[in-house]
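Participant: Per this note's numbering, the sequence shown starts with residue 76, numbered consecutively.
Backbone N, C-alpha and C fix where the C-beta goes; we use that ideal spot for every residue, glycine too.
Since this is a predicted model, take the numbers as computed values, not measurements.
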Amino acid sequence: MATMSFRSIIQDIKGEFGSISRKGFEVKFGYGMRSRSQSYRDAGDHVMVADGLRQSCWANMPPELLRDVLMRIEASEDTWPARKHVVACASVCRSWREIMKEIVKSPELSGKLTLPISLKQPGPRNSLLQCYIKRNRSNQTYYLYLGLNQEEGIDDGKFLLAARKCRRPTHTDYIISINCDDVSRGSSTYIGKLRSNFLGTKFTVYDAHPPICGARVTKSRSSRPVSLKEVSPRVPAGNYPIAHVSYDLNVLGSRGPRIMHCVMDAISASAVEPGGVAPTQTQFLHRRIDTSPSIPFFRSKSTRLENFQSVPLSSQNKGMLVLQNKSPRWHEQLQCWCLNFNGRVTVASVKNFQLVASPKSGVSEQAQENVIIQFGKVGKDLFTMDYQYPISAFEAFAICLSSFDTKIACE
76 MATMSFRSII
86 QDIKGEFGSI
96 SRKGFEVKFG
106 YGMRSRSQSY
116 RDAGDHVMVA
126 DGLRQSCWAN
136 MPPELLRDVL
146 MRIEASEDTW
156 PARKHVVACA
166 SVCRSWREIM
176 KEIVKSPELS
186 GKLTLPISLK
196 QPGPRNSLLQ
206 CYIKRNRSNQ
216 TYYLYLGLNQ
226 EEGIDDGKFL
236 LAARKCRRPT
246 HTDYIISINC
256 DDVSRGSSTY
266 IGKLRSNFLG
276 TKFTVYDAHP
286 PICGARVTKS
296 RSSRPVSLKE
306 VSPRVPAGNY
316 PIAHVSYDLN
326 VLGSRGPRIM
336 HCVMDAISAS
346 AVEPGGVAPT
356 QTQFLHRRID
366 TSPSIPFFRS
376 KSTRLENFQS
386 VPLSSQNKGM
396 LVLQNKSPRW
406 HEQLQCWCLN
416 FNGRVTVASV
426 KNFQLVASPK
436 SGVSEQAQEN
446 VIIQFGKVGK
456 DLFTMDYQYP
466 ISAFEAFAIC
476 LSSFDTKIAC
486 E
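This is the structure in structure tokens:
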């Protein structure tokens, strides 16, 4: 009954504010095209609109009561699809949105993905957030969902992200969007991309928005401001490198697993230790187009994508979190390399991996045992993706996308 009453509340609110907005729109365009007497009548309509806003029961709702109602809704809706009502509350008006942003906790604390910004925030501590990826071979598109009912073999998850593979003459791009129907770089829902080198052995993860204060955009043709039709004039299609992934030559041939290394540019190695802190975005930050372009993020040739190597940490990336794939064990009876995915992976594949903190990061042995990201195959075009703090859903998805690329020299 609470859900039905809430739905009626949302419909009533949209009806009231929608009719008021239409009145204001008609009044606004009446000026300058009518007589003086008509203008006075229009001015009177402005007063009526303002009175309507003041007299609205939703505008005059006491903040204490509103906060209590929204807190009850947020606490009662634990999982999707019921949790969509929490998002609906945040979309009613500015005051409701600000309260919901205060009430809804980050994934680190709640273990839930609710508002879009939570896709850029680190996952929960001490537990893996379970997701899965569906691959569409026909259009080279990948979809990330929250949750997977493996027992029944059906997906019941909430859509999170989509990526589309774009082949270029010298590299491959994976365009990432929060809209499954519009996976393009010119869309306002574009949030980042993954770019590979020609061989598909080295990758860079780019964020479309400044992930932290002081992040610098990489100069390229793609960093130009996009048109007003595509997105807000304040939003440039920026390239902010936040991670680098590399795959080493596999000397064991087809019997051996891939060897991965991942450097997280924006995350400190101390974040994996107890009490460690990783950068947490609270909103999508945009860089104004009237500012002068900053210098490239990479400070030397040794850290550029084409020269990125899986070598001991240099002075350029000391203190950054470095991830590496967990070493599997050879199973004599099965005659294959095995990792313990705790039932989340059911099909053997060279793409399967688990990432842990590398000893190169200088972290404790206990921190090196915790699996931060795991990715594995459960069907022909179905893969599980689990991650935890200090990695976000966006970063984990981009890293997993790198596993789909063909790597002749690494297998």
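So, helix, strand or coil for M136, using DSSP?
Facilitator: Looking at M136 - three-state DSSP - the assignment turns out to be coil, as it is neither helix nor strand.
Participant: For the structure I just gave you, are there three or more beta carbon pairs, one from the segment 243–260 and one from the segment 428–439, closer than 8 Å?
Facilitator: At 8 Å Cβ cutoff, the stretches do not touch.
Participant: Out of W412, L188, Y217 and P138, state which residue places its alpha-carbon closest to the alpha-carbon of V161.
Facilitator: The residue with the shortest Cα to Cα distance from V161 is L188.
Participant: Quick one: what's got a C-beta closer than 6 Å to F472's C-beta in the same chain, skipping five residues either side?
Facilitator: Answer for F472: L219 and L236, listed in chain order.
Participant: Which first and last residues belong to the alpha helix (DSSP H) in which P182 is found?
Facilitator: Note, P182: alpha helix (DSSP H), P182 to S185.
Participant: Under three-state DSSP, which class holds R239?
Facilitator: Residue state, collapsed to three classes: strand.
Participant: So C337 is in the beta strand (DSSP E); what residue range does that whole segment cover?
Facilitator: Per DSSP, C337 belongs to the beta strand (DSSP E) from I334 to S343.
Participant: Which residues does DSSP list as the beta-bridge partners of M460?
Facilitator: M460 pairs with C206 and F450.
Participant: For I334, which residues from the same chain have a beta carbon less than 6 Å from its beta carbon, with the 5 sequence-adjacent residues on both sides left out?
Facilitator: Taken in chain order, the residues that qualify are D323.
Participant: Among the candidates K159, L398, R172 and D153, whose CA atom is the shortest distance from the CA of P138?
Facilitator: Nearest option by C-alpha distance: R172.
Participant: How do the segment 445–460 and the segment 414–432 stand: do at least 3 beta-carbon pairs fall below 8 Å, yes or no?
Facilitator: Segments in contact, yes.
Participant: Out of P156, L269, Y217 and L145, which one is the CA nearest neighbour of V167?
Facilitator: It is L145.
Participant: Taking 7 Å as the cut-off, does the CB of K455 come closer than this to any heavy atom belonging to the ligand MG?
Facilitator: Looking for the ligand MG in the displayed structure turns up nothing, as the structure carries no ligands at all.
Participant: On the DSSP bridge assignment, give the partners of P244 in chain order.
Facilitator: Answer is none; P244 lacks a bridge partner.
Participant: Nearest to I192 by alpha carbon, out of Q441, A318, A283 and W405?
Facilitator: For the residues Q441, A318, A283 and W405, the minimum Cα distance to I192 belongs to A283.
Participant: Closest by CA to W405, which one among Q399, C413 and T154?
Facilitator: It is C413 whose Cα lies nearest to the Cα of W405.
Participant: Could you tell me the alpha carbon to alpha carbon distance between G148 and E177, rounded to whole angstroms?
Facilitator: The residue asked about is misnamed: residue 148 is Ile in this sequence, not Gly. So the two alpha carbons sit approximately 14 Å from each other.
Participant: Alpha carbon to alpha carbon, what distance is there between N211 and V422?
Facilitator: Each residue's Cα considered, the two are about 18 Å apart.
Participant: Among residues of its own chain, excluding the 5 on either side of N254, which ones have a beta-carbon nearer than 6 Å to its beta-carbon?
Facilitator: Only T264 meet the Cβ criterion.
Participant: For a quick check, are the C-beta atoms of G465 and A346 less than 8 Å apart?
Facilitator: Position check: residue 465 holds Pro in this sequence, whereas Gly was assumed. In this structure, A346 lies closer than 8 Å to P465 by Cβ.
Participant: Specify the secondary structure class of A318 as computed by DSSP and reduced to three states.
Facilitator: Strand.
Participant: What are the residues that DSSP puts in a beta bridge with M146?
Facilitator: Per DSSP, none; premise fails for M146.
Participant: Return the bridge partner residues of S467 from the DSSP annotation.
Facilitator: DSSP, once it has assigned bridges, lists P197 as partnering S467.
Participant: By DSSP, does F273 sit in helix, in strand, or in coil?
Facilitator: In the structure shown, F273 sits in coil (DSSP, three-state: anything other than H, G, I, E or B).
Participant: Would you kindly work out how many angstroms separate the C-alpha atoms of G261 and A150, rounded to a whole number?
Facilitator: Their backbone Cα atoms lie some 37 Å apart in a straight line.
Participant: Beta-carbon within less than 8 Å of R200's beta-carbon, same chain only, minus the 5 sequence neighbours each way: which residues are those?
Facilitator: Hits under 8 Å: E183, Q463 and Y464.
Participant: Where does F469 land, buried or exposed, given buried means 16+ other C-beta within 10 angstroms?
Facilitator: Classification of F469: buried, given that the 10 Å Cβ count is 16 or more.
Participant: Cutting at 6 Å between CB atoms, please list the residues of its own chain near V280, excluding the five before and the five after it.
Facilitator: These residues qualify, in order along the chain: L269, I317, A318 and A473.
Participant: I'd like the span of the alpha helix (DSSP H) that includes V161, first residue to last.
Facilitator: Looking at the DSSP string, the run of the alpha helix (DSSP H) that includes V161 is K159 to A165.
Participant: Helix, strand or coil, according to DSSP, for E305 in the structure here?
Facilitator: Its pLDDT being 37, under 50, E305 is placed unreliably in this model, and the coordinates cannot settle the point.
Participant: Among D256, Y315 and H336, which has the Cα closest to the Cα of T276?
Facilitator: When each option's Cα is compared against that of T276, the closest is H336.
Participant: On the criterion of 16 or more Cβ atoms from any shown chain inside 10 Å, does P349 qualify as buried, or is it exposed?
Facilitator: When all chains shown are included, P349 counts as exposed.
Participant: Can you tell me whether E152 is buried or exposed, with buried defined as 16 or more other CB within 10 angstroms of its CB?
Facilitator: E152 should be labelled buried.
Participant: Looking at the structure shown, is L188 part of a helix, part of a strand, or coil, going by DSSP?
Facilitator: L188: coil per DSSP, three-state reduction.
Participant: Tell me the DSSP secondary structure of Q408 in three-state form.
Facilitator: If DSSP states are grouped into helix, strand and coil, Q408 belongs with coil.
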